[in-house]
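K.L.:
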Amino acid sequence: MIRRGRGLLQLPGPTNIPERVLRAMHRPAVDFGTAEFARLLDGCLADLATIAGTRGRVFVYAALGHGAWEAALVNLVGPNEAVLVPDTGRFARGWAEMAGALGIGVREVPTDPRRPLDPARLEEVLRADRGHAIRAVLLCHVETSTGVRHDPRAVRAALDRAGHPALLVVDAIASFAAESLAMDAWGIDCLLAASQKGLMLPPGLAFVFAGPRALEAAGRCPRPRKYWDWRGRDGVESYEKFYGTPPTQMIFGLREALDMLREEGMDAVFARHARLARAVRAAVARWAEAGALFFHCLEPEARADTVTAVGFADGVEPERIRTRAREGFGVAFGGGIGPFRGRLLRIGHMGDLDEAMVLGALGVLELVLRLEGVPHAPGGVEAAIAALAAR
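If you read the sequence shown in the working numbering, its first letter stands for residue 6, the second for the next number, and so on.
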């Protein structure tokens, strides 16, 4: 088959890379030791802190989001200390597995994967930890595997009610630059992000935002570390911030992406993501009336504005739907991962997206549902249009 036009990337990451960002990255290598490049990098870090809503420090790594996980763990939690992890899905579980591999004690709190976590259950565990062995609570803001948003403010309140000094460490990889964040105002001690989602870049940059309590904890953490160590990234030179050669092309792309976000205005960026998410949810709700598919997240207010997870009745294979959409029509949706492998289809709606792109992807999905004989109420795309027209 010869396909014309451009495919649509509706994954929950990586996301579409704008032409402006691609052009900004497509330039010769430069001397990263110049004052000009140092100013460019410092400007990027300042803008990232503004999006995070923090006056804290920003550390940047040539790494994936998993690198941000490890950077937070090795700077904040010593050997034989413990973390508390709400088991919200595959990414929370992966973070817990990483902590365990580093010799950190892991106390997992089971949650309903189809609902936001219950902060009362966390509070109960925290109150029982009278010796304060738990050094940090690890929370995924948007659990990408389920499409469920978990409120850091509720976890902060549980920590405060319990009178527990544990740090609140939040993975915002699937929400950063797409949903509103207020790290300092929400009482988050350490926030993590990555380049390949709301920031509209390729994978390859990881960001750690550290507030005063996190910085103090890192200063006394006894764990041996070097590359990830925040204390080794305090120099004024750009290479010192990376503990080595900066990924210059990625920084050029980051600068362009941040400029694009600033031009749109962050409030408008958040509103756009919310608007597109409403359109996707309107389509899914209409299709679901026939009973063969459903929202994985049971509570509407907890459905993320960056990814919608769709479940299917027995006998319907979401991987067949994904494959036909991708191979036949050039639209890539996400599949289920971890315990949800083969059970979910995930519609990403974050980053460089607009109404036309979302409506096109929804149109292909409705077409494939029809071609695959999946029972669905017709009119999902019309419902999405109505949702957009009602803004």
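Glycine included, C-beta positions come from ideal geometry on N, C-alpha and C.
Remember, predicted model here, so these are calculated numbers, not experimental data.
Quick check: what's the CA-CA separation for M271 versus I56?
P.N.:
Position 266 of the sequence shown holds residue 271. Position 51 of the sequence shown holds residue 56. Their Cα atoms are separated by approximately 8 Å.
K.L.:
So, under 8 Å CB-CB, V160 and L127 are touching, yes? Tell me the CB distance rounded to an integer number of Å.
P.N.:
Along the sequence shown, read from residue 1 onward, the residue named residue 160 stands at position 155. Along the sequence shown, read from residue 1 onward, the residue named residue 127 stands at position 122. That belief holds up - the Cβ atoms of V160 and L127 are roughly 6 Å apart, short of 8 Å.
K.L.:
So, are the CB atoms of G368 and Q15 less than 7 Å apart?
P.N.:
For the purposes of this step, residue 368 is identified with residue 363 of the sequence shown, where counting begins at 1. For the purposes of this step, residue 15 is identified with residue 10 of the sequence shown, where counting begins at 1. No; because the gap between Cβ atoms is not below 7 Å, this pair is not in contact.
K.L.:
For R308, list the residues DSSP reports as bridge partners.
P.N.:
Residue numbering aside, residue 308 sits at position 303 when the sequence shown is read from its first letter. Answer is V153, bridged to R308.
K.L.:
With C-beta atoms as the reference, is T149 less than 7 Å away from P118?
P.N.:
Numbered from its first residue, the sequence shown carries residue 149 at position 144. Numbered from its first residue, the sequence shown carries residue 118 at position 113. Cβ atoms of T149 and P118: not closer than 7 Å.
K.L.:
How should R291 be labelled, buried or exposed, when 16 other C-beta atoms within 10 angstroms of its C-beta is the threshold for buried?
P.N.:
Looking up residue 291 in the sequence shown gives position 286. With 16 or more other Cβ atoms within 10 Å, it is buried.
K.L.:
How long is the line joining the alpha carbons of V82 and G237, rounded to whole angstroms?
P.N.:
Numbered from 1 along the sequence shown, position 77 holds the residue referred to as residue 82. Numbered from 1 along the sequence shown, position 232 holds the residue referred to as residue 237. Each residue's alpha carbon lies about 17 Å from the other.
K.L.:
Cutting at 7 Å between CB atoms, please list the residues of its own chain near A222, excluding the five before and the five after it.
P.N.:
Within the sequence shown, the letter at position 217 stands for residue 222. Counting only Cβ-Cβ distances below 7 Å, and skipping sequence neighbours, we find L81, L172.
K.L.:
Beta-carbon within less than 8 Å of D189's beta-carbon, same chain only, minus the 5 sequence neighbours each way: which residues are those?
P.N.:
For the purposes of this step, residue 189 is taken as the residue at position 184 of the sequence shown. G58, T59, R60, G61, G216, listed in sequence order.
K.L.:
Please list the segments of the beta strand (DSSP E) lying wholly inside the stretch 249-323, counting only runs of 3 or more residues, in order along the chain.
P.N.:
Those beta strand (DSSP E) runs which fall completely within the stretch 249-323 and span 3+ residues are 298-300, 312-317.
K.L.:
Taking Cβ positions, are L349 and H301 nearer each other than 7 Å?
P.N.:
For the purposes of this step, residue 349 is identified with residue 344 of the sequence shown, where counting begins at 1. For the purposes of this step, residue 301 is identified with residue 296 of the sequence shown, where counting begins at 1. It is a contact, given that the beta carbons lie within the stated cut-off.
K.L.:
Beta carbon of P383, beta carbon of A297: below 7 Å?
P.N.:
Within the sequence shown, numbered from 1, the residue matching residue 383 stands at position 378. Within the sequence shown, numbered from 1, the residue matching residue 297 stands at position 292. Going by C-beta atoms, P383 is not nearer than 7 Å to A297.
K.L.:
Going by other Cβ atoms of all chains shown within 10 Å of its Cβ, with 16 needed for buried, is R375 buried or exposed?
P.N.:
The count along the sequence shown starts at 1 and reaches residue 375 at position 370. Classification of R375: exposed, given that the 10 Å Cβ count is below 16.
K.L.:
Excluding the five sequence neighbours on either side, which residues of its own chain have a C-beta within less than 6 Å of the C-beta of V63, listed in chain order?
P.N.:
Translated into the one-based positions of the sequence shown, residue 63 becomes position 58. Closer than 6 Å at the Cβ level, and outside the excluded window around V63, lie L50, L53, A54, F214.
K.L.:
Count the other CB atoms within 10 Å of the CB of T39; is the residue buried (16 or more) or exposed (fewer)?
P.N.:
Residue numbering aside, residue 39 sits at position 34 when the sequence shown is read from its first letter. Exposed: under 16 other Cβ atoms inside 10 Å.
K.L.:
Which one or two residues does DSSP pair with F214 in a beta bridge?
P.N.:
Locating residue 214 in the sequence shown gives position 209, where the first residue counts as 1. V63, L196, per the DSSP bridge assignment.
K.L.:
Tell me the residue span of the alpha helix (DSSP H) that contains L113.
P.N.:
Taking the first residue of the sequence shown as position 1, residue 113 is located at position 108. Per the sequence shown, residue 113 should be read as Glu rather than Leu. Element bounds for E113: not the alpha helix (DSSP H) but the beta strand (DSSP E), 110-115.
K.L.:
So F299 packs on G316, CB below 8 Å; how close in whole Å?
P.N.:
By one-based count along the sequence shown, residue 299 stands at place 294. By one-based count along the sequence shown, residue 316 stands at place 311. Yes, F299 and G316 are in contact; Cβ-Cβ is about 5 Å, under 8 Å.
K.L.:
Between which residues of its own chain and L204 is the CB-CB distance below 6 Å, once the five residues before and five after are set aside?
P.N.:
Numbered from 1 along the sequence shown, position 199 holds the residue referred to as residue 204. Contacts found: A182, A262.
K.L.:
Along the beta strand (DSSP E) that carries P124, what are the first and last residues, could you check?
P.N.:
On the sequence shown, position 119 is the one that residue 124 refers to. Not the beta strand (DSSP E): P124 falls in the alpha helix (DSSP H), residues 124-133.
K.L.:
For C145, write down the residues that DSSP places opposite it in a beta bridge.
P.N.:
Position 140 of the sequence shown, counted from the first residue, corresponds to residue 145. DSSP output for C145 lists D176 as bridge partner(s).
K.L.:
Are the C-beta of C195 and some C-beta of chain D separated by less than 7 Å?
P.N.:
No chain D appears in the structure shown, which is made up of a single protein chain.
K.L.:
Comparing alpha-carbon positions, which option in V285, L210, K246 lies nearest R44?
P.N.:
Numbered from 1 along the sequence shown, position 39 holds the residue referred to as residue 44. Looking at the Cα atoms, K246 is the closest of the given residues.
K.L.:
Please classify D319: is it buried, with 16 or more other beta-carbons within 10 angstroms of its beta-carbon, or exposed?
P.N.:
Taking the sequence shown and counting its residues from 1, one reaches residue 319 at position 314. Classification for D319: exposed.
K.L.:
So what's L349 in DSSP terms, helix, strand or just coil?
P.N.:
Along the sequence shown, read from residue 1 onward, the residue named residue 349 stands at position 344. L349 falls in the strand class under three-state DSSP.
K.L.:
For a quick check, are the C-beta atoms of G105 and V111 less than 7 Å apart?
P.N.:
What you label residue 105 is simply residue 100 of the sequence shown in a count that begins at 1. What you label residue 111 is simply residue 106 of the sequence shown in a count that begins at 1. Yes, Cβ-Cβ distance for G105 and V111 is below 7 Å.
K.L.:
Can you list, in chain order, the residues of its chain whose CB lies under 8 Å from that of R325, leaving out five sequence neighbours each side?
P.N.:
Numbered from its first residue, the sequence shown carries residue 325 at position 320. Correct list, in chain order: E377.
K.L.:
What are the boundary residues of the beta strand (DSSP E) that V90 is part of?
P.N.:
Within the sequence shown, numbered from 1, the residue matching residue 90 stands at position 85. V90 -> beta strand (DSSP E) spans 87-92.
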